[in-house]
Amino acid sequence: MVTGGCGAVVAMAAWSTLSAAGVTLSLLLVLPRVSQAQTFFFPFRQPETCGHNQYFDISALSCVPCGANQRQDARGTLCVCLPGFQMISNNGGPDIICKKCPENMKGVTEDGWNCISCPGGLTAEGKCHCPTGHILVERDVNGTLLSQATCKLCDESENSFTVANALGNRCVRCEPTFINTSKSCVCSEPNILTGGLCFSSTGNLPPRLISAARFGELGISFTSEWFAKYLQSSAAACWVYANLTSCQALGNMCVMNMNSYDSTTFDACRLFQFIFENTAGLGTVHSVSFWRQNLPWLFYGDQLGLAPQVLSTTPLPTNFSFKGENQNTKLKFIAASYDVRGNFLKWQTLEGGVLQLCPDTETRLNAAYSFGTTYRQNCEIPISKILTDFPTPTFYDVYLEHTDENQHQYIWAVPVLNLNLQHNNIFVNQDSSSSKWLLTRRIFLVDALSGRENDLGSQPRLIRVATQISLSIRLVPNTKNGNIYPPLITISYSDIDIKDPNSQSVKFSFSVTYEMDQKEAHVQTDIALGVLGGLAVLLSLLKTAGWKRRIGSPMIDLQTVIKFLVYYAGDLANVFFIITVGTGLYWLIFFKAQKSVSVLLPMPAQEERFVTYVGCAFALKALQFLHKLISQITIDIFFIDWERPKGKVLKAVEGEGGVRSAAVPVSIWRTYFVANEWNEIQTVRKINPLFQVVGFKNLALMDSSSSLSRSPPSYIAPYSRILRYAVSAALWLVIGIIQIVFFAVFYERFIEDKIRQFVDLCCMSNISVFLLSHRCFGYYIHGRSVHGHADTNMEEMNMNLKREAENLCSQRGLVPNTDGQTFQIAISSQMRQRYDRIHETLTRKNGPARLLSSSGSTFEQSIKAYHTMNKFLGSFIDHVHKEMDYFIKDKLLLERILGMEFMEPMEKSIFYNDESYSFSSVLYYGNEATLLLYDLMFFCVVDLACQNFILASFLTYLQQEIFRFIRNTVGQKNLASKTLVDQRFLI
212 MVTGGCGAVV AMAAWSTLSA AGVTLSLLLV LPRVSQAQTF FFPFRQPETC GHNQYFDISA
272 LSCVPCGANQ RQDARGTLCV CLPGFQMISN NGGPDIICKK CPENMKGVTE DGWNCISCPG
332 GLTAEGKCHC PTGHILVERD VNGTLLSQAT CKLCDESENS FTVANALGNR CVRCEPTFIN
392 TSKSCVCSEP NILTGGLCFS STGNLPPRLI SAARFGELGI SFTSEWFAKY LQSSAAACWV
452 YANLTSCQAL GNMCVMNMNS YDSTTFDACR LFQFIFENTA GLGTVHSVSF WRQNLPWLFY
512 GDQLGLAPQV LSTTPLPTNF SFKGENQNTK LKFIAASYDV RGNFLKWQTL EGGVLQLCPD
572 TETRLNAAYS FGTTYRQNCE IPISKILTDF PTPTFYDVYL EHTDENQHQY IWAVPVLNLN
632 LQHNNIFVNQ DSSSSKWLLT RRIFLVDALS GRENDLGSQP RLIRVATQIS LSIRLVPNTK
692 NGNIYPPLIT ISYSDIDIKD PNSQSVKFSF SVTYEMDQKE AHVQTDIALG VLGGLAVLLS
752 LLKTAGWKRR IGSPMIDLQT VIKFLVYYAG DLANVFFIIT VGTGLYWLIF FKAQKSVSVL
812 LPMPAQEERF VTYVGCAFAL KALQFLHKLI SQITIDIFFI DWERPKGKVL KAVEGEGGVR
872 SAAVPVSIWR TYFVANEWNE IQTVRKINPL FQVVGFKNLA LMDSSSSLSR SPPSYIAPYS
932 RILRYAVSAA LWLVIGIIQI VFFAVFYERF IEDKIRQFVD LCCMSNISVF LLSHRCFGYY
992 IHGRSVHGHA DTNMEEMNMN LKREAENLCS QRGLVPNTDG QTFQIAISSQ MRQRYDRIHE
1052 TLTRKNGPAR LLSSSGSTFE QSIKAYHTMN KFLGSFIDHV HKEMDYFIKD KLLLERILGM
1112 EFMEPMEKSI FYNDESYSFS SVLYYGNEAT LLLYDLMFFC VVDLACQNFI LASFLTYLQQ
1172 EIFRFIRNTV GQKNLASKTL VDQRFLI
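Sequential numbering from 212 applies to the sequence shown in the working numbering.
Structure below.
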């Protein structure tokens, strides 16, 4: 050993010398090559499998023989000398040297380094053995080894009252209860020995104590070794001597039994209650009637209706605020902690995860105590880890700290609602009525002690763990300073039957919730719903009356009722939408922007009513959307071709072998072209739905922060469904409105206006559009060319456009010298009947899709009907039919506002000047508000269901495309059947 040490010193000195001289040393480490036949597996051994003369090598992970005269130690990882052998040297493992003791000194000292003569026999380890009550003395007071050990009897007389300690190497004073009771170190009859304490009597404590641990969740009750040893002694010491630690230990045992009380059995809680009731003369602590002097505060009393008084009578003096100079968002919870024997451990803050069994970073754990932040934590932990981390329970009395203006510190007791508490075998705290609750004070997280049956060192049969802990904080109604009532800890324990700790696990959850009284908000919502719902009824009646006038039917029948309900569904959907958006924006603005706390977000259970309103709004809006979709794809439409033949042409006559003159045929391509353009604008919208999703989701978190971003290490609170809806709806509306304004103010004026372009196209093509959205109401687009014809060559077309630009021709309007080309029309019943008769012939064979398979006569009839309809509508527009004439007028302002016509077309039809191009109401373009709200509601409903903005966006876009496809496909078929345009030419 000395040589090795000197060699190291010399080497270090040489290295320093060479380095100072600038010499560089290179150490070449030659590593052995790995043989291809070399393997990397070996036998698996455990320490307990090693023999008595072997030890477990912690480096080689195998059993290695001990040296001569050695054996395995108690742990199995070292070697020790055999009995009768002393150690000469010991460097750990097998590196010890043992020497046999001489015949006259067969004993070995307690440290194993010396041999010594013993006054009596030897132990199995070869150490000296002393009788009971004696201590072994091997050395003098100055440490000199005696040649022969002695056994000294401890003095149990009145002058000393000493006995040998547990190790038998020192005399210590007897336990005080022995001395007080028997004036000796022996507790003999008639004195009572229990839990290592001696009592002359236990006063009037009940003689028959129940040392059972009750596991009510599993319905199991058995004698607990801990209770059997220490229940009686703790109760007696608390009752007879008012011992503070014993009283705390007794209270802990009551808490381990879930604070359950049964008047028929004298278990831990019954004993505690007995002492509490019979020590009223001792007075109370801090004027709390439930806190008896010398006893822990476990209960708030068992009077009915006491819990609501504790929870909602006296507000805490602390003021909480989210922003400003007096910002206060810290919940300062502290706890007085005790061990299972009743010893006070320390005051400690709850930060750092004291009550949170799930592991996490300190930042995220401490976020639970940031005021206004809804906190949720869930995890699953193996039973083996629980048994390792919590061999004995620690108990907590939780308080909320308050510092007043003078910097004086006060604490406020936090009540506990133990859901496992039984009062006379009834789980009273699981009742929905708080008036039946029994509040308590002390809690623990894991109890792996009371479930041990026969040996406190053995594995427990059962353990009890706090699987659900919830801290609820309630805001004082109408507060302006952020005052709260005392917080409530709701705790639920689970009883775990231990089978295989390595394979078993248990789930834990910890949450912090905030609530306020929502009754006033519900009343205001009901009032708004009633008022707006009544207005919706009136509006729906007006719409139904306007619809009745437009279909020319004065009778109220089943169809009228159904129509009213459909209109009412759409208007009621708007009511629900207004209420839900208003409610969501209220919570978003007032919760996130407030300084002193006056409102808190509704809890998930309180959001159910709001979610129901959102669901109703979506369902009713979907019904309105489908109604509009069906109405649009079932309109009557006809393209009036004003073009006339230009001259005549010789045409061969079939079957006659000759020729004759006939009018030059008018090209159908202009009609096809206009029809195709009409088909294209059916689903044109003012907004782009792809622009709707924007990443503002952090505003919907249930915390007080208004930041749009969160740092990765910080805790991310759960989302509020109300705030998610508010953020989604607000952003969707704002972005949609911005797009609509941009479309109307800039895009349509300077880039492209497809609606006006369609009107211009009709005029250039010499085609008018006659459209009926109702039986006696519709729209007319006057496309009659001011040049007389449009089927011409490029040169003449350019000449016509130039003349029109230089005002060398008449204006395009239906009325001379006007530009009015679009009209709302209310036709008479006679006009409608004539239209139907011609139209019936036109569509008798279900439209042009079957033209190729129909007979020649049918095709000729359809062509004839088409020309008849074209001629009839043209002559109608030209005032040819005096019995079915019309006149043109402006709509009254009230008529425009109400969307209905006061004048009924009796003998003459009415054309209303329409400068707003309202014929777009039969297109997507004119129903942007309904489409916008429907898409918004669809997005919000999907997001509320799945809490995923991306999925909601994708599904919203998908359904938009599906309905767009349906609208175009069915619209094409209807257009083809109504106008005799071949569907194959519609793109």
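Beta carbons: idealized from backbone N, C-alpha and C, even for Gly. Since we're looking at a predicted model, the values are computed, not measured.
Closest by C-alpha distance to residue i, when choosing among the options
i            : options                : result
residue 447  : 498, 944, 572, 407     : 407
residue 643  : 628, 636, 654          : 628
residue 577  : 308, 562, 687          : 562
residue 1143 : 405, 654, 835          : 835
residue 660  : 777, 696, 441          : 441
residue 991  : 599, 846, 981          : 981
residue 697  : 712, 611, 1123, 668    : 611
residue 253  : 911, 1037, 274, 438    : 274
residue 320  : 838, 350, 796, 818     : 350
residue 947  : 1107, 1141, 280        : 1141
residue 504  : 1121, 489, 958, 1070   : 489
residue 1092 : 1051, 1045, 1074, 1101 : 1045
residue 569  : 699, 722, 805, 1185    : 722
residue 706  : 833, 390, 1175, 677    : 677
residue 669  : 602, 608, 680          : 602
residue 728  : 1098, 816, 977         : 816
residue 452  : 463, 506, 424          : 506
residue 918  : 533, 379, 519, 517     : 533
Exposure label - residue i; buried when at least 16 CB within 10 Å
i            : result
residue 217  : Residue placement at residue 217 is poorly supported in this model, since its pLDDT is 41, which falls under 50; the coordinates are not used for a value here.
residue 1063 : Reliability of the predicted coordinates at residue 1063 is poor, the pLDDT of 43 falling under 50, and no value is obtained from them.
residue 1048 : exposed
residue 310  : exposed
residue 1156 : exposed
residue 606  : buried
residue 483  : buried
residue 760  : buried
residue 840  : buried
Residue i - containing alpha helix (DSSP H), residue span
i            : result
residue 1146 : 1139–1157
residue 656  : Segment: none, residue 656 is in no alpha helix (DSSP H) and carries neither H nor E.
residue 969  : 965–976
residue 792  : 769–804
residue 456  : 455–467
Cα-Cα separation, residue i to residue j
i            : j            : result
residue 318  : residue 306  : 23 angstroms
residue 473  : residue 552  : 24 angstroms
residue 971  : residue 1082 : 22 angstroms
residue 498  : residue 620  : 18 angstroms
residue 342  : residue 362  : 8 angstroms
residue 585  : residue 693  : 16 angstroms
residue 1105 : residue 953  : 29 angstroms
residue 334  : residue 495  : 55 angstroms
residue 1030 : residue 1017 : 15 angstroms
residue 327  : residue 377  : 22 angstroms
residue 222  : residue 558  : Reliability fails at residue 222, whose pLDDT of 41 lies under 50, so the model's placement of it is uncertain and no value is given.
residue 1128 : residue 968  : 12 angstroms
residue 1180 : residue 690  : 59 angstroms
residue 711  : residue 566  : 26 angstroms
residue 1100 : residue 1126 : 12 angstroms
residue 1108 : residue 1102 : 10 angstroms
residue 322  : residue 924  : 53 angstroms
residue 647  : residue 931  : 31 angstroms
residue 805  : residue 581  : 16 angstroms
Contact belief for residue i with residue j at Cβ below 8 angstroms, rounded distance in angstroms
i            : j           : result
residue 664  : residue 672 : 5 angstroms
residue 1226 : residue 937 : Nothing can be reported for residue 1226, as the shown portion of the chain is limited to 212 through 1198.
residue 593  : residue 444 : Rounded, the Cβ-Cβ distance is 35 angstroms, inconsistent with contact.
residue 469  : residue 636 : The Cβ separation is near 12 angstroms, so there is no contact.
First through last residue of the beta strand (DSSP E) which encompasses residue i
i           : result
residue 717 : 716–726
residue 600 : Per DSSP, residue 600 belongs to no beta strand (DSSP E); it is in the alpha helix (DSSP H), 594–600.
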